[in-house]
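Engineer:
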Amino acid sequence: MTLKYLITGATGGLGQQVLNYFVENVASCDFAAASSDAKNKKLFEDRRIAFRHINYDDLHSLETGFRDVENLLFVSTSSATRSEQHARVIMAAKTAGVKHVWYTSLAFGGFTDDSKALVQQDHLLTERLLKESGLTFTSIREGIYAECFTVFLDWYPDRTTVTLPADGEVAYAQRAELGEATARIMIRGGYENQIVLFTPEKTITAKEIVDIINETTGRQVKLNVIPREKYLQSSSVDDQRGKPKEHFQMIATIWDEISGVPTHNKSVDARDSRKKAYHTSGCCKETVERK
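Below, the structure written as structure tokens:
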């Protein structure tokens with residue numbers, strides 16, 4: 000029996016939001032949730048959601064899980080072996096005869112293929128593999144989660160200084176909004192062999208976020224922009240959670256990207272999917288209030 004939609008990463012932040020929209024708007028016989036943890040089967044079946052067990056590290060489980068699937072939501076992973084996992088997913092989708100792959104990429108670089116951000120490189124590789132595979136696909140370059148701005152700023156609630164190697168404009172988006180927009184475009188269909196970009200039009204700088212932190216909390220947090228090399232040398236030493244230097248090298252490349260080109264584009268496909276744009280500073284304020 001053909002399954003119209005399979006949603007991978009269904010327990011993750013984005014996949015869960017996509018699944019919630021399907022539960023509310025699509026007949027339950029038309030979709031299923033997929034997870035690498037077989038224990039999640041009961042969790043979904045208690046909600047009357049069909050379940051398929053897949054593991055991005057196991058080609059056989061992928062081929063079995065993708066069998067008879069028309070539309071596959073291919074949620075990217077954050078694993079150190081992401082490029083190998085993604086290649087395996089594409090191979091399995093091809094073998095299983097998936098009709099349309101919807102891949103969740105990132106929005107660094109907008110519609111271009113020359114992003115400076117290290118985190119974008121595996122996504123660009125995955126997009127190339129999708130093109131070469133012959134599969135029908137849509138790469139959805141998802142906006143930067145507002146909920147994650149603290150990662151990019153390396154800000155903890157008790158810190159009085161935010162230290163960065165650069166500043167620039169970012170169009171942050173709420174994960175719930177991105178999840179709904181992703182679900183809508185899948186249900187609507189189209190965009191075959193295209194890249195779409197889901198970002199709001201309004202942007203915000205790190206300086207403006209620090210101002211929001213101060214307005215919301217009554218603190219006097221300061222932004223300190225320092226040379227890139229000094230940032231790399233000092234951040235891993237001063238970090239409260241002991242993140243390695245490699246983490247800050249990755250963050251530095253993101254700020255290289257942000258300081259050069261705003262991470263938004265005037266052609267906003269989230270709005271084209273009838274998603275309203277919202278004020279970026281508002282979603283950052285909500286995130287601060289939850290800290």
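So the sequence shown is residues 0 to 290, counted in numbering that gives the first Met the number 0. Virtual Cβ for every residue (Gly too), placed ideally from N, Cα, C.
1) Please name the residue, chosen from N54, R46, Y20, that lies closest to G8 on a Cα-to-Cα basis.
2) Ignore the nearest five residues each way along the sequence and tell me which others in L124's own chain have a CB closer than 8 Å to its CB.
3) Check S34 in the structure and name its three-state DSSP category.
4) Could you tell me how far apart the beta carbons of L71 and V118 are, in whole angstroms, since I believe they sit closer than 8 Å?
5) Apply the 10 Å Cβ neighbour rule to D112 and answer buried if 16 or more other Cβ atoms are within range, or exposed otherwise.
6) Based on the DSSP secondary-structure assignment, which residues constitute the bridge partners of I53?
7) Per DSSP, what kind of secondary structure is S138 in: helix, strand or coil?
8) For R140 and I194, which I take to be in contact (beta-carbon distance under 8 Å), what is that distance rounded to the nearest angstrom?
9) Determine, using beta carbons only, whether D166 and A205 come nearer to each other than 8 Å.
10) With distances taken between CB atoms, is the gap from S114 to S138 smaller than 8 Å?
11) For V260, which of helix, strand or coil comes out of DSSP?
12) So, for S258: in the same chain, excluding its five sequence neighbours on each side, which residues have a beta-carbon less than 8 Å away from its beta-carbon?
13) Roughly how many angstroms separate the alpha carbons of I143 and A170, rounded to a whole number?
14) Check whether the Cβ atoms of V22 and I186 sit closer than 8 Å, and answer yes or no.
15) Leaving out five residues on either side along the sequence, give the residues of the same chain with a beta carbon under 6 Å from the beta carbon of K40.
16) Are the CB atoms of Y20 and E176 within a distance shorter than 8 Å?
Structural biologist: Well, looking at it:
1) For the set N54, R46, Y20, the Cα lying nearest the Cα of G8 is the one of N54.
2) The answer, listed in chain order, is S82, H85.
3) The answer is strand: DSSP assigns S34 an E or B state.
4) Between L71 and V118 the beta-carbon gap is near 23 Å, outside 8 Å, which marks them as no contact.
5) So D112 ends up on the exposed side.
6) Partner(s): none; I53 has no beta bridge.
7) Looking at S138 - three-state DSSP - the assignment turns out to be strand.
8) Between R140 and I194, the beta carbon gap of about 6 Å places them in contact (Cβ cut-off 8 Å).
9) Yes, the Cβ-Cβ distance between D166 and A205 is below 8 Å.
10) Going by C-beta atoms, S114 is not nearer than 8 Å to S138.
11) Below a pLDDT of 50, predicted positions are generally treated as unreliable, and V260, at 48, falls in that range; the measurement from the model is reported next regardless. Here V260 sits in coil by DSSP.
12) A165, D166, G167.
13) Spanning the alpha carbons of I143 and A170 requires a straight line of approximately 7 Å.
14) Their beta carbons are not under 8 Å apart, which means V22 does not touch I186 by this criterion.
15) Excluding positions up to five away in sequence, the list reads F50.
16) In this structure, Y20 does not lie closer than 8 Å to E176 by Cβ.
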